[in-house]
Structure formats: C-alpha cells, structure tokens
Amino acid sequence: MITGPWLLVVFIFSIVFVLISVIKFHMNAFIALLLTSILTGLLVNMPLSQISENIAIGFGNTLKGIGLVIGLGIILGRILSVSGATERIAQALIRAVGEKNAPLAVAFTGYLVSSRVRAIFFTLNVSMTSPSLMSL
Numbered sequence: 000m001i002t003g004p005w006l007l008v009v010f011i012f013s014i015v016f017v018l019i020s021v022i023k024f025h026m027n028a029f030i031a032l033l034l035t036s037i038l039t040g041l042l043v044n045m046p047l048s049q050i051s052e053n054i055a056i057g058f059g060n061t062l063k064g065i066g067l068v069i070g071l072g073i074i075l076g077r078i079l080s081v082s083g084a085t086e087r088i089a090q091a092l093i094r095a096v097g098e099k100n101a102p103l104a105v106a107f108t109g110y111l112v113s114s115r116v117r118a119i120f121f122t123l124n125v126s127m128t129s130p131s132l133m134s135l
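Okay, so the sequence shown: first residue is 0 according to numbering that gives the first Met the number 0, each after it adds one.
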C-alpha cells in the first residue's frame, strides 16, 4: 500500500471523483461512493479481498451508527405523511402568510418537518412535503 504524500493525492482525487460523478454525471450517490471506494483501494495497491472487506466493515459501522435513526426517521416521516400532518402544517402557514407567499409557507413546512426528523434525510423530507406541494 502507498503512504505519504501520494496517499494525500489519492484522497483528493477520490473526493473530486465523487463530486464529479454526482454533480456532473448525476450518478446515484451510493453508487458513486461505492465506485470511489473500490477505485481508492485499487489506487493505494490494496488487495482485492481487502477492498471488499474494508467496504463491508465501513458500511456496517456506518449503519451501526445511524441505522436506527434512519429507520425511526422513515417511520416518523411516513406517519406524518399518511396522517396528513405535513399538509395541515403547510395549509396553516399558507393561511398565515397568504396565497402569494405559498412557496415560503411550504419551504418553512419542510424546515419544520426536517428539523424534527433530521436534516440529513432530504429524500424523506421531499416525500413528506410533496403531498402539500401537489395540493397547491
């Protein structure tokens, strides 16, 4: 495996690769990270068996840390969506700020919902607030 300054070069290349893959080529972030993990392992001369093992360990440690939060966030989001709570919040805010400021009300609804469910769940927030957007 490589060490020293070349390791830093590989690290910077890996970050750039992820950003370009996601931003320019619209690649799914999970796939981009997975490909970057494999590419980084190859660039630092890591054996193939060790690359897959390290990816599995890293993925497992990540899920161990945030898996429960993600699961509970999805459950809470589904409850808010099915019960219509996010739509009621949006409608109340639209009444408060007026019809011409409806985008502001919906954006603030997203902020309120995401601050309760964690801001890292962008997709979940969109799925919870989309019924409100569709009803406008």
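Backbone N, C-alpha and C define an ideal beta-carbon position, used for all residues, glycine too.
In this text, all values refer to a predicted model and were calculated from it rather than measured experimentally.
- Taking C-alpha positions only, Leu42 is separated from Val15 by approximately 14 Å.
- Rounded to the nearest whole angstrom, the C-alpha separation of Phe12 and Ile69 is 30 Å.
- Taking C-beta atoms as the reference points, Gly40 and Ile54 count as a pair closer than 9 Å.
- For Pro4, the enclosing alpha helix (DSSP H) begins and ends at Pro4 to Ile22.
- Our two residues, Thr108 and Ile74, have alpha carbons roughly 18 Å apart in a direct line.
- Leaving aside the five residues that flank Met0 on each side, the residues in its chain whose CB is nearer than 8 Å to its CB run, in chain order, Val43, Asn44 and Met45.
- Between the alpha carbons of Pro4 and Ser48 lies a distance of about 25 Å.
- Put simply, the backbone Cα of Gly57 is about 44 Å away from that of Ile93.
- Apart from sequence neighbours up to five positions away, the residues of its chain that approach Leu38 with a beta-carbon distance below 8 Å are Ser13 and Phe16, ordered along the chain.
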